[in-house]
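Asks: Pasting in a structure now, in C-alpha cells, and then I'll have a few things to ask.
Below you can see the structure in the form of C-alpha cells.
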C-alpha cells in the first residue's frame, strides 16, 4: 500500500458513536462511520438511486438509505434489504494520532 | 412434508412470499401464477425513472429467472378464471387445473376507472403496470398538453415526470388539497408550490362534468363551467383490491380479502398478502388495507413464513414515500388519530417534518425534503411509534437535536 493513497478525513472526535460523516474528495463522496468497534468507510451514494447516505440512519453495523430504506452492512458493503440490491463499495480506514484516514484506490 | 403451494399473483408480495417459503421449506413445490407475462418487477419507477428513460424494463425486475430456478420456484403466465376452494383447485381460461395444499392470494389492486357517459372511456389512460407505463410513454411522446385527473401520489409523480419531459401539465383534484386523504395540508401546499414553480397547473376543488373530443383534442368541462383543452388524459383516482375472482365464493371480502395478523383468510389453507388484503394489524387493533412498496414486501414475507409453518404476526409500522421533482415525501405510522401536531423545520432544503402525537405518545410523522433529508428522522419515528414512546417535544421541535438520541435511550 502506498502512503499517498491514505487521505485524511478529520479527527476522531468529529464523529459521534453510531453515526457518520460525509467526506468529499475530488469528485467523489464517501461516508465515514464510527461504530462501537472502530471506524469504517463506504461510498457516500446509495447504489439504488443517487442519494447521499449521509442522511441515513446508522444502527448497529448497518446504514439505511434515507430515501427508500435500502440497507447495507457498513463493514462489508453488502446490500441487505431491497430496494438496494447492488453492494456498496467499502474502503480501508486507519486512525493515526486521533486522525482518521481512508485509503482510496 | 412436501406440499403444493400456489401463489396467485406475480407481484412484489408474491415473489417475496415465494422466496421466504423456500428459505423455510426446501421440500414443497412453489408455483407463482401470474396474469402478466413478466417476472415480478418494481412498480415505483414506472411513474418516475421509467417515464424519464433513466431506467429501462430490465432494471425493474426483482430477480432474474436464474434466481427463481436456483430456488426451485416455478413461474407461469396464466389467467385463472375460476376457484374451487372446497376442492383446492384453480382453473385457467384454457381449463388447465392447478391443485394446491396451500394457496396465497396476492392479486394486488386495480385502478379505479372514471365513468364517462360517452364512449371516451378508452381515451383515458391509467398507470399501474409496466404495459400501461409503456403505452403512456409512447403516446405522450408527440403530445404537448397533458391533463391528469387526480392529485394523489401517482398523479403527481406522473405530473412531475411529464413536466421534466417539457410537457405542459394540468392536474385536476376534486379535494381542497393535494394528496388529501393522508398528508397534512402544510406538506401538501409545499408540494403544490414546487409543481407550480416547475410550470405545472394545479386545479383544486373541481370536478369533471364531461370530456368531449373535437378534432383529436379533448375538452374537459369542469363543474364551474371552465374548460381545459388537452391533448392527452391520464387518471389516477385510487384503486380497488383485485377480488373479482372471489366474489361468488365463501372467501370473506370487505374492502379486500379479510385476513388476520397471520395473513390467514376465512378459508383454511388460503392466505392473502399485499394490496388485496384488508388485514388485521395487532398494533393498531383494527383492520386496514395498505398499498405501498414496504407493505407488499413485508406482508409477502410474513405470509411466506406462516405458509411455511413459522407462525408470525404482521406488525410492521406503515411507511411509504413519493418522489416528485427533487422532493422526497415520506409518511410513517397511521396519522388519522392524534391530538397534537409538532413541526420540525420549515425549509425543505433541510427537511420539514410534522409529528403526530396522541396523549404525548408519538403515532407517526410526515416529512418532505430535498432528496433524503427527512429519511433518518422518519425512520426513527417508525421505531419510536412501534414502542409507544412518550417523546420530549423540545427535541422534536429543535432540528439541531438529533433524534437518534431518542432511540438510543430505549
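Chains as they are written, first to last, in the working numbering: chain A, 826 to 930; chain B, 1009 to 1418. A virtual CB, placed ideally from N, CA and C, is assigned to each residue, including glycine.
Could you give the distance in angstroms between the alpha-carbon of residue 1240/B and the alpha-carbon of residue 1155/B?
Replies: Indexing the second chain from 1 puts residue 1240/B at position 232. Indexing the second chain from 1 puts residue 1155/B at position 147. Taking the straight line joining both Cα atoms gives about 6 angstroms.
Asks: Does chain A have any CB closer than 7 angstroms to the CB of residue 1193/B?
Replies: For the purposes of this step, residue 1193/B is taken as the residue at position 185 of the second chain. It does not; no Cβ of chain A falls within 7 angstroms.
Asks: Where does residue 1103/B sit, in a helix, a strand or coil, going by DSSP?
Replies: Indexing the second chain from 1 puts residue 1103/B at position 95. The answer is coil: DSSP assigns residue 1103/B none of H, G, I, E or B.
Asks: For residue 1125/B, name the three-state secondary structure that DSSP assigns.
Replies: Along the second chain, one-based indexing puts residue 1125/B at 117. Residue state, collapsed to three classes: coil.
Asks: Runs of 3 residues minimum, wholly inside the segment 867-891 of chain A: which ones carry the beta strand (DSSP E) assignment?
Replies: 882-884, 887-889
Asks: Rounded to whole angstroms, what is the Cα-Cα separation between residue 1218/B and residue 1229/B?
Replies: Numbered from its first residue, the second chain carries residue 1218/B at position 210. Numbered from its first residue, the second chain carries residue 1229/B at position 221. The straight-line gap from Cα to Cα measures roughly 5 angstroms.
Asks: Helix, strand or coil for residue 830/A? Go by DSSP, reduced to three states.
Replies: Residue 830/A sits at position 5 when you count from the first residue of the first chain. DSSP places residue 830/A in helix when its eight states are reduced to three.
Asks: Check the C-beta distance from residue 1245/B over to residue 1215/B and give it rounded, since I have them as a contact under 8 angstroms.
Replies: Here the question's residue 1245/B lines up with position 237 in the second chain. Here the question's residue 1215/B lines up with position 207 in the second chain. The Cβ separation is near 11 angstroms, so there is no contact.
Asks: Are residue 1017/B and residue 1048/B closer than 7 angstroms when you measure CB to CB?
Replies: Here residue 1017/B refers to the residue found at position 9 of the second chain. Here residue 1048/B refers to the residue found at position 40 of the second chain. Contact: no.
Asks: Are any of the Cβ atoms in chain A nearer than 7 angstroms to that of residue 1373/B?
Replies: Sequence index remark: in the second chain, residue 1373/B carries index 365 (1-based). Not one chain A Cβ lies under 7 angstroms of residue 1373/B.
Asks: So residue 1143/B and residue 1179/B are in contact, right, with Cβ under 8 angstroms, and what is the actual spacing, rounded?
Replies: The residue you call residue 1143/B lines up with position 135 of the second chain. The residue you call residue 1179/B lines up with position 171 of the second chain. Not quite, the Cβ-Cβ distance comes to about 20 angstroms (not below 8 angstroms), so this is no contact.
Asks: If you follow the beta strand (DSSP E) that residue 1332/B is in, where does it begin and where does it stop?
Replies: As a working mapping, residue 1332/B is identified with position 324 in the second chain. 1327-1332 is the extent of the beta strand (DSSP E) around residue 1332/B.
Asks: Does the beta carbon of residue 880/A sit closer than 7 angstroms to a beta carbon anywhere in chain B?
Replies: Locating residue 880/A in the first chain gives position 55, counting from the first residue. Chain B contact via Cβ: present.
Asks: Using a Cβ-Cβ distance cut-off of 7 angstroms, determine whether residue 857/A contacts chain B.
Replies: Taking the first residue of the first chain as position 1, residue 857/A is located at position 32. Chain B has no Cβ within less than 7 angstroms of the Cβ of residue 857/A.
Asks: Could you name the residues of the same chain whose beta carbon sits closer than 6 angstroms to that of residue 1270/B, not counting the 5 residues immediately before and after it, in chain order?
Replies: Numbered from its first residue, the second chain carries residue 1270/B at position 262. Same-chain partners within the cutoff: 1314.
Asks: Could you list the residues in the segment 864-891 of chain A with a C-beta less than 9 angstroms from some C-beta on chain B, going in chain order?
Replies: 871, 874, 875, 876, 877, 878, 879, 880, 881, 882, 883, 884, 889, 890, 891
Asks: Using a Cβ cut-off of 7 angstroms, pull out every chain A residue sitting near residue 1379/B, in sequence order please.
Replies: Mapped onto the second chain, residue 1379/B falls at position 371. Residues of chain A passing the Cβ test: 876, 877, 892.
Asks: Can you tell me the Cα-Cα spacing of residue 1037/B and residue 1323/B, whole angstroms?
Replies: Here the question's residue 1037/B lines up with position 29 in the second chain. Here the question's residue 1323/B lines up with position 315 in the second chain. Using only the alpha carbons, I get a separation of about 28 angstroms.
Asks: Taking Cβ-Cβ distances shorter than 7 angstroms, what residues in chain A pair up with residue 1305/B?
Replies: As a first step, residue 1305/B must be located in the second chain, where it is residue number 297. What residue 1305/B touches in chain A: 907.
Asks: Taking 7 angstroms as the CB-CB limit, is residue 1336/B close to chain A?
Replies: Your numbering for residue 1336/B matches position 328 in the second chain. With 7 angstroms as the cut-off, residue 1336/B counts as an interface residue toward chain A.
Asks: If we count Cβ pairs, one from each stretch, closer than 8 angstroms, do we get three or more for the segment 1083-1100 of chain B versus the segment 1260-1269 of chain B?
Replies: no
Asks: Can you tell me where the beta strand (DSSP E) holding residue 858/A begins and where it ends?
Replies: In the first chain, residue 858/A corresponds to position 33, counting from 1. Run containing residue 858/A: 853-860, per the beta strand (DSSP E) assignment.
Asks: Check the Cβ-Cβ distances between residue 1121/B and every residue of chain A, and say whether any is below 7 angstroms.
Replies: As a position in the second chain, residue 1121/B is number 113, starting the count at 1. Not closer than 7 angstroms to any Cβ of chain A, the Cβ of residue 1121/B fails to qualify, so no.
Asks: So, is residue 1077/B buried or exposed, given that buried needs 16 or more other C-beta atoms within 10 angstroms?
Replies: Along the second chain, read from residue 1 onward, the residue named residue 1077/B stands at position 69. Exposed.
Asks: Measure from the C-beta of residue 826/A to each C-beta in chain B and report whether the shortest distance is under 7 angstroms.
Replies: As a working note, residue 826/A is residue 1 in the first chain. Low confidence applies here, because residue 826/A scores a pLDDT of 49, under 50, leaving its location unreliable; read the following figure in that light. Chain B contact via Cβ: absent.
Asks: Give, in chain order, every residue of the segment 1340-1368 of chain B whose Cβ lies closer than 7 angstroms to some Cβ of chain A.
Replies: Within the segment 1340-1368 of chain B, no residue qualifies.
Asks: Quick one: what's got a C-beta closer than 6 angstroms to residue 1326/B's C-beta in the same chain, skipping five residues either side?
Replies: The residue you call residue 1326/B lines up with position 318 of the second chain. Excluding sequence neighbours, residue 1326/B sits near 1298.
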